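With full-length UniProt numbering, the residue at position 733 of the sequence shown is 733, and numbering never jumps. All C-beta atoms in this analysis are idealised placements derived from N, C-alpha and C, irrespective of residue type, glycine included. Since this is a predicted model, take the numbers as computed values, not measurements.
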Amino acid sequence: MLRFTVLGPVEAAVPGRTLPALAPRHRAMLAYLLLHAGSVLSAEQLIDAMWGPAHPETARAQVHAAITAIRRVLKAADSEHLLVTRPAGYVLTPEPGRLDLAEFTGLVTAAEQDPDEAARRLRAALDLWRGPALTGVNADYVESARSRLEDRRLRALERLAELEIAAGRHEDLVDELAAELAAHPLRERLAAHLMTALHRAGRQADALAVGREYRERLAGEQGLDPGPAFVAVEEAVLRASPAPPPPTPAPPTPAPPSHEPSSPEPRHGTFLPYDVADFAGRTEELALIEQAARADDGVVRIVAIDGMAGAGKTALAVHAAHRLAERFPDGRLFVDLRAHTAGQEPADPARALEVLLRQVGVAADAIPAELPERVGMWRAALAGRRMLIVLDNAAGAGQVRPLLPGASASLVLITSRRRLPDLDAAQAVSIDVLPRREAAGLFARIVGERAAAQAGAVDEVLLLCGFLPLAVRIAAARLRHRPRWDVAHLAGRLRDERRGLAELATAERGVAAAFTLSYRQLDPGHQRLFRLLGLHPGRDIEPRAAAALAGLDPVEAEDLLEDLLDVHMLQQHEPGRYRFHDLLRRYARDTAATEPPEERHAALTRLLDHYVGTAGAAMDVLYPDSAHRRPRLEHAAEPAVAFRDADEALAWLAAERADLVLSAAYAADNGWPAHTGALATTLYRHLYDQALHDDARVLYGKALDAARRRADPAAEGRALTDLGWVHRVQGDPELARDHFERALAACSTAGDQRGQARALVGLGGVHTGGNDHEAAWTAYLQARDLFRALDDRFGEAVTTDFLGVVCERLDRLTEADALHREALTLFRAIGSQGGEADALHNLGVALLRQGRLEEARDHHEAALDLYRRFGYRRGEAKALNGLAAVARDAGDAAAAERLYRAAFELASELGDHQEQARARDGLGCIADASRTY
1 MLRFTVLGPV EAAVPGRTLP ALAPRHRAML AYLLLHAGSV LSAEQLIDAM WGPAHPETAR
61 AQVHAAITAI RRVLKAADSE HLLVTRPAGY VLTPEPGRLD LAEFTGLVTA AEQDPDEAAR
121 RLRAALDLWR GPALTGVNAD YVESARSRLE DRRLRALERL AELEIAAGRH EDLVDELAAE
181 LAAHPLRERL AAHLMTALHR AGRQADALAV GREYRERLAG EQGLDPGPAF VAVEEAVLRA
241 SPAPPPPTPA PPTPAPPSHE PSSPEPRHGT FLPYDVADFA GRTEELALIE QAARADDGVV
301 RIVAIDGMAG AGKTALAVHA AHRLAERFPD GRLFVDLRAH TAGQEPADPA RALEVLLRQV
361 GVAADAIPAE LPERVGMWRA ALAGRRMLIV LDNAAGAGQV RPLLPGASAS LVLITSRRRL
421 PDLDAAQAVS IDVLPRREAA GLFARIVGER AAAQAGAVDE VLLLCGFLPL AVRIAAARLR
481 HRPRWDVAHL AGRLRDERRG LAELATAERG VAAAFTLSYR QLDPGHQRLF RLLGLHPGRD
541 IEPRAAAALA GLDPVEAEDL LEDLLDVHML QQHEPGRYRF HDLLRRYARD TAATEPPEER
601 HAALTRLLDH YVGTAGAAMD VLYPDSAHRR PRLEHAAEPA VAFRDADEAL AWLAAERADL
661 VLSAAYAADN GWPAHTGALA TTLYRHLYDQ ALHDDARVLY GKALDAARRR ADPAAEGRAL
721 TDLGWVHRVQ GDPELARDHF ERALAACSTA GDQRGQARAL VGLGGVHTGG NDHEAAWTAY
781 LQARDLFRAL DDRFGEAVTT DFLGVVCERL DRLTEADALH REALTLFRAI GSQGGEADAL
841 HNLGVALLRQ GRLEEARDHH EAALDLYRRF GYRRGEAKAL NGLAAVARDA GDAAAAERLY
901 RAAFELASEL GDHQEQARAR DGLGCIADAS RTY
């Protein structure tokens, strides 16, 4: 059975069997899937993990290539079912007991639950490691992931050492602990355990040397002293106590202090608010703050924490301040600058300095009246001191600058809804919503047992809260105080659009109230764009679409978007694309209702015009041969995007595809049916060639609804034909035939000859697939006559090529050869590279039937090159099948099998049943031939 390892070299192996080798980048992808085993990972998540923000333009293609390579390994191990493609991405689920990381986690957890077996299980867990985790892979995520895994290993080792020392097996540990401490010299628990083991072995001098070296290294590299647990061990060794107590185990994160200071009362007292007992997560952010606190160079350290309303900025700053209190013996100060406090104006710096000066003991009558004098007194008071100052709820850098200490070894924590890039020397810590696990932990701590009983409902509540800490807290508190509710009932209330944000309101501290304060502090131009963005039907937006929506210049729109991003009213998941947090989207939609109806209609019309026009411009670059078929809205403005080449056009279509489909669906249901039809017609060849069948079904279905709603038989016929092709490619010929026949009737009623011809081409394809070649011949001939009457040379070329396919099926090979060459000439004359590739492929099939293997191979290779250059993945699968057939007839079974498998994997990924069947039949023929011999 297939076994995966990440605790050492990343491998997938089956005993006694050789599996295909994975390239290092593909192994890195496999490792990331294994680190998140059982979780669905989108292509965007995989791209971010592999390359970080600066990913290459080919990142998505490289992800597909890596997934294909991993599937090849799984198939060779008879385990292809372990990697599943879901609508939201990919999920890899190893069999139980077949992933070393999962085994390690299980053994460590079991050790915590069974003290009698703890040591044995921890040793078994550690024995699973075969070197540093994730050996042999390199990607953006690897360094941090390896560090986290190594920390988990060391925690397990430290716990094992504690148990072994308590059991009297200290001598067996000395060499192991010494080696680990050499590799991790600042690991305090390792040093303490080694000191204890040495002392119990009668080596007091060696134990003291370990302690002395650790102290010197810690002071020299971090400017810190050891913690109390280490000092206790050190003192026991110095007293020559026969059995110094083992160091107490450290919790996963330091426990939050209570309301009372955890260290002796500082010189100027502590003015921090209380630290919430249920604080959750923010591990990375806390680490950054603590890193700043460890600096001991006499310079003020500033950490600016920014994030959207409700993200938990103040909670993070206060929690960090309590954790760090011992490092700042001269005082811990706090002032609310009131930038977003309901009913109050932001505090001016002079007033804030009065509060701070009073906190450091300056008498009220001794505080100067003017701001410059107060600034001087403040900086003099802090000179040479180590103080921790929290400046909460700041409006901007101008409000904060006068409050910063001068010559001081203090730490200043600033919280703000606005990024503060112009605050010199400040380390920015931007916080987003909580990860799912941390949000679930926060919810469970507040709610208690009811959360554990309904894990699925908890996930839904968290999703409806957008993982925003404030929203999660309010929802959890509401449930805690309503004993008759369960989590599913709460989820239902949050799901109800009529309740919306109201369910998460607690007077002035509710989520909507927090958003309202942020919104009111925007200037009118930003407020207007924010409202109009609430109308956008898609998932995100780029500046040119925002410009169309608001009737602005694209540069002006981008400036406004960036300003909204800086104040966390928008998010940015990739450069140049902006989106709302889910709760802010609801708030923006509610706010957009205040716009006059005519302005809302005009804004959405401009947006839909932009999408139709720009999609048409992209398709004109990709498919110039069919530009005459694309609709042009009379009132639409010129496209805001000028595409230089096919790569740019494809990139725009890929980035905007979801928004185009969602906008078209919205238009169909809300009074813009012509735009829905135009987008469906415009995007047809792109969706077909890229095998984007799910999007195609949604779009054409909405176009069909819109056409019927406005009684437009020609548009109805177009939508039915488009849907028919999707059903045919996905392996439902009867449903496809029904759609084509109804399309033919609708177009005949409308007198739409081009629509009739397209429906006839579809029927011809169904007849060909059903081996009714005479019916196919008739349908294609009728379609070609109609295209010729319309002087539609592209349609004429397509039907001529299909007639050649029918001749090939009827063994009229000379005629097939001539028809394909005629089609090839037509396609080249009109500059249709996609059509040229199809004709080359079909001609290759006819040549193979004539026994002209070399010519057939040349034509299939030329077709494959065009398909790949053109980004036509369905065509690529088709050409691979053609090359496989040539190799098979040439007697090269190994090459044929390789090509058929490549075609099958690609067709399976695309959901192309026709090419899947061709590849499967070819592989079956090869297998039959091998059994014959």
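Residue i, buried or exposed, once every other Cβ within 10 Å from all chains shown has been counted against 16
i, result
"Arg572", "In the sequence as displayed, the identity of residue 572 is Gln instead of Arg. Gln572 is exposed by the Cβ-count criterion."
"Gly924", "exposed"
"Thr676", "buried"
"Gly448", "exposed"
"Ala783", "buried"
"Tyr666", "buried"
"Ala209", "exposed"
"Glu373", "exposed"
"Tyr587", "buried"
"Ala243", "The predicted model places Ala243 with a pLDDT of 47, which falls under 50 and marks its position as unreliable; any figure quoted below should be read in that light. Exposed, by the Cβ-count rule."
"His170", "buried"
"Thr932", "Model confidence at Thr932 stands at a pLDDT of 47, short of 50, so the residue's coordinates are unreliable and nothing is read from them."
"Asp811", "exposed"
"Gly804", "buried"
"Tyr274", "exposed"
"Pro673", "buried"
"His628", "exposed"
Residue i and residue j closer than 8 Å at C-beta
i, j, result
"Gly211", "Ala179", "no"
"residue 997", "Ala879", "Given a span of 1 to 933 for the chain in the structure shown, any question on residue 997 remains unanswerable."
"Phe904", "Arg888", "no"
"Gln730", "His693", "yes"
"Leu561", "Ala311", "no"
"Val14", "Leu22", "no"
"Val318", "Val429", "no"
"Ala546", "Leu565", "no"
"Pro24", "Gly131", "no"
"Leu423", "Val400", "yes"
"Leu479", "Trp485", "yes"
"Pro537", "Pro554", "no"
"Leu843", "Ala877", "no"
"Asp278", "Arg418", "no"
"Arg585", "Asp540", "no"
"Ala166", "Arg146", "no"
"Tyr780", "Asp722", "no"
"residue 940", "Leu353", "Beyond the ends of the chain as shown, which are 1 and 933, falls residue 940; an answer cannot be given."
"Phe4", "Pro94", "yes"
"Ser410", "Val300", "yes"
Residue nearest to residue i in terms of C-alpha spacing, selected from the options
i, options, result
"Thr768", "Gly795, Leu535 and Pro733", "Pro733"
"Ala885", "Ala846, Asp140, Val360 and Leu157", "Ala846"
"Val420", "Asp432, Ala205 and His568", "The sequence given here places Leu at residue 420; Val does not occur at that position. Comparing Cα positions, the closest option is His568."
"Leu128", "Arg98, Asp625, Gly922 and Leu604", "Arg98"
"residue 964", "Ala829, Arg852 and Leu790", "Not covered by the structure: residue 964. The range shown for the chain is 1 to 933."
"Ala491", "Pro524, Ala455, Ala49 and Ser518", "Ala455"
"Leu35", "Arg697, Asp100, Ala304 and Val73", "Asp100"
"Ala207", "Phe334, His184 and Ala236", "Ala236"
"His739", "Gly762, Ala757, Ser748 and Ala750", "Gly762"
"Val231", "Arg217, Ala201, Arg121 and Met195", "Met195"
Sheet register partners of residue i (DSSP bridge)
i, result
"Leu99", "Phe4"
"Ile302", "Val412 and Ala426"
"Val335", "Leu391"
"Arg577", "Glu574"
"Ile541", "Tyr578"
"Thr109", "DSSP output for Thr109 lists no bridge partner at all."
"residue 945", "Past the edges of the chain, shown from 1 to 933, lies residue 945, and the structure says nothing about it."
C-beta neighbour in chain C for residue i, strict 8 Å
i, result
"Glu234", "Looking at the structure shown, chain C is missing, and only one protein chain is on hand."
For this session: Entirely within the region 341 to 429 and at least 3 residues each: give me those beta strand (DSSP E) ranges in chain order.
Result: Within the region 341 to 429, the complete beta strand (DSSP E) segments at least 3 residues long are 388 to 394 and 411 to 416, listed from N- to C-terminus.
Problem set entry | Inside the UniProt DNA-binding region "OmpR/PhoB-type" (1 to 94) only - beta strand (DSSP E) runs reaching at least 3 residues | Counting only runs of 3+ residues, the beta strand (DSSP E) found wholly inside the UniProt DNA-binding region "OmpR/PhoB-type" (1 to 94) occupies 3 to 5, 11 to 13, 83 to 86 and 89 to 92, in chain order.
For this session: Counting only runs of 4+ residues fully inside the region 867 to 926, write out the alpha helix (DSSP H) ranges in chain order.
Result: Annotation note: the region 867 to 926 contains the following uninterrupted alpha helix (DSSP H) runs of length 4 or greater, listed N- to C-terminal: 873 to 889 and 893 to 910.
Exercise. Counting only runs that start and end within the region 618 to 682, where is the alpha helix (DSSP H) found for 4 or more residues in a row?
Worked result: The region 618 to 682 contains these whole alpha helix (DSSP H) runs: 646 to 669.
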